Each structure stands twice: as structure tokens, then as C-alpha cells.
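Under the UniProt record's numbering, the first residue of the sequence shown carries the number 1, and numbering increases by one thereafter.
Glycine is no exception: its CB is placed at the ideal position from the N, C-alpha and C atoms.
Owing to the predicted nature of the structure, the values given are computational and were not obtained by experimental measurement.
Have a look at the structure below before the remarks.
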Amino acid sequence: MKTLIVANWKMNPQTAKEAKKLFDAVKKGAKNKNTDIVICPPFVYLPLLKGLPLGAQNIFWEEKGAFTGEICAAQLKDLKIKYVIIGHSERRKYFGETNEQINKKIKKALDRDINPIFCIGETLEENRAEKKSEVLERQITEGLHGVSKFEIQNSKLVIAYEPVWAIGTGQNCSVDETLKSMLLIRKIISNMYNRELADDMKMLYGGSVNSKNSAEYIKGGGVSGLLVGGASLDAQEFISIIKSI
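As C-alpha cells, this is what we get:
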């Protein structure tokens, strides 16, 4: 199974020229037969970038209509988008996304054969209060409510574990704690569906990933890949992450 490396550019860079320059540099330098790479730029850059698989950073659950500012699955399909990030902590925090809304988005993506990158993770307060297990189980069970085993098996649904306290802070989760989290997540999925599905599902780690710690997460963290934020905006740093695998 190839390692999946996903770049989440968030609301960057500021111009189309910069986006093309970054994308082209990554495309030229990111050659590793052991990895699959997905680039998730802002919506406005999706039609401009060619040569690597692309993902979107959001999706809306309605097919069409008067929903100002939203992007529907049909529009992403028209651009041949293969992946979409759903449930990122920044969407939960700044836009008030609920598990119920995330569930609707996951169902819509699966319905249109777009692979969800389903983000979960606990806050620092929840971690310190030893509520991680409770939080992750709630996020997963509510996020995947009504999603059948068949739907998951016939997609490439990915779960990305991003402890909120480690995103963009430089305070990354330890490899040992990441491994424990991955085992917990697989146990939750196994209880919902079965062990085979849980074992086969790709699971990513995200949160202050860089070229100095990327190999450690792949080797000892029990993960199938990485969701890279800030480090993906530096072409050489992102290429170094890919080559470290």
C-alpha cells in the first residue's frame, strides 16, 4: 500500500502566479514511487493546476441552489477532483461545522465518487481532561452515521487524525501518542463495521508535520500517510517530506 501525502494549502498562496510556481516545483521534485500525492489548493486555483491529483478543501451537501459561497459535488466532479477535505478543525472552529453537517458532506462526496479526507481530533482541553477517546468516538460515529460498509469499501475514504492543539503550533503529537490514537481509531471503526475494513482504511496524521519528523510518523506512528499544512507551502520542504518516506 502506497503512503498518501496530502498538502492542505488552506487560504494560500495569495496569487495564481504563486500557486502555479509552487505546484510546478512540487510536481517536478516530488518523485517517489512509494507515495501518492494529493494537492488541496483554494477553490480558485483548482482549474489552473495540472499534473498531480487534486483535492478540494470543502464541499456542500446540496446538489445545487441558492447557497452563496458554497461549492457542490457536481462542480468538483466537473474539474475531476478526486478528494475533498471534510471536517477540518478550522472549519469546525471558525465556521461552526457540526458532526451532523460533516456527515451530510461525507455522504454527498461518497454519492458522487469523491473520496473524503475525514478530519478528526481533540482540543488541548479535551486531551488534558483525558476525553480524547470520547471525543474521537463521537466524531467518528456521528460523522459516519448512516454510511454503509459497502460505501466505504467502494471508496478511498481516508481518516486524518489532527489533534487540534498541534495544528500550526509547532507542538507536534509524539509518535507514541499518535500510534495509540491510530489504534483507538481503528478499534472504533472495527466496532462500527469490521476489523478487515478498519485495517484496510488509510489513516493520516496531521499537525506540525515537517521533514524532520515525517519519517518517524510513518515508521512508528501506525499511519498510512500525512496531512501536511504549513510545510506544504514551501516546495523544498514538502519535497523533502515526500522523499523521507
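query                                                                                           : result
Nearest candidate by alpha-carbon position, reference Gln139, set Gly146, Val147 and Ile102     : Ile102
beta-carbon Lys50 near the ligand SAH non-hydrogen atom, thresh 7 Å                             : Questions concerning the ligand SAH fall outside what the structure shown contains, since it holds no ligand whatsoever.
Assigned secondary structure, Ala66 (DSSP; H/G/I helix, E/B strand, else coil)                  : coil
Per-residue DSSP class, three states only, for Gly206                                           : strand
Segment limits, beta strand (DSSP E) that includes Phe150                                       : No beta strand (DSSP E) holds Phe150; the alpha helix (DSSP H) holding it covers Lys149 to Gln153.
Terminal residues of the alpha helix (DSSP H) in which Leu183 lies                              : Val175 to Met192
C-alpha gap between Lys219 and Thr68, whole angstroms                                           : 44 Å
Collapsed DSSP secondary structure at Asn32 in the structure displayed                          : coil
Assigned exposure category for Gly229 - 16 Cβ within 10 Å defines buried                        : buried
Cβ pair residue 326, Ile167 closer than 8 Å                                                     : This structure cannot settle anything about residue 326, because the visible part of the chain is limited to 1 through 245.
Alpha-carbon to alpha-carbon, Ser211 and Val164                                                 : 20 Å
Residues near Gly221 in its chain [Cβ-Cβ closer than 7 Å; skip 5 each side]                     : Val175, Thr178, Leu179, Met182 and Tyr205
Where Val44 falls: helix, strand or coil (DSSP)                                                 : helix
Where Leu233 falls: helix, strand or coil (DSSP)                                                : helix
Gly55 beta carbon less than 8 Å from that of Ile85                                              : yes
Gln153 versus Ile117: straight-line alpha-carbon distance, rounded                              : 15 Å
Buried or exposed (CB count within 10 angstroms, at least 16 for buried), residue 255           : As shown, the chain starts at 1 and ends at 245. That puts residue 255 outside it, with no answer to give.
Minimum C-alpha distance to Leu22 - residue among Ile39, Thr35, Asn34 and Lys31                 : Ile39
Straight-line gap, Leu124 to Asp78 (C-alpha atoms, nearest Å)                                   : 39 Å
At least 3 beta-carbon pairs within less than 8 Å: the region 233 to 240 vs the region 11 to 25 : yes
Member of Ile185, Ser89 and Lys108 whose CA lies at the smallest distance from the CA of Asn8   : Ser89
Whether Ile114 touches Lys82 by CB criterion (8 Å)                                              : yes
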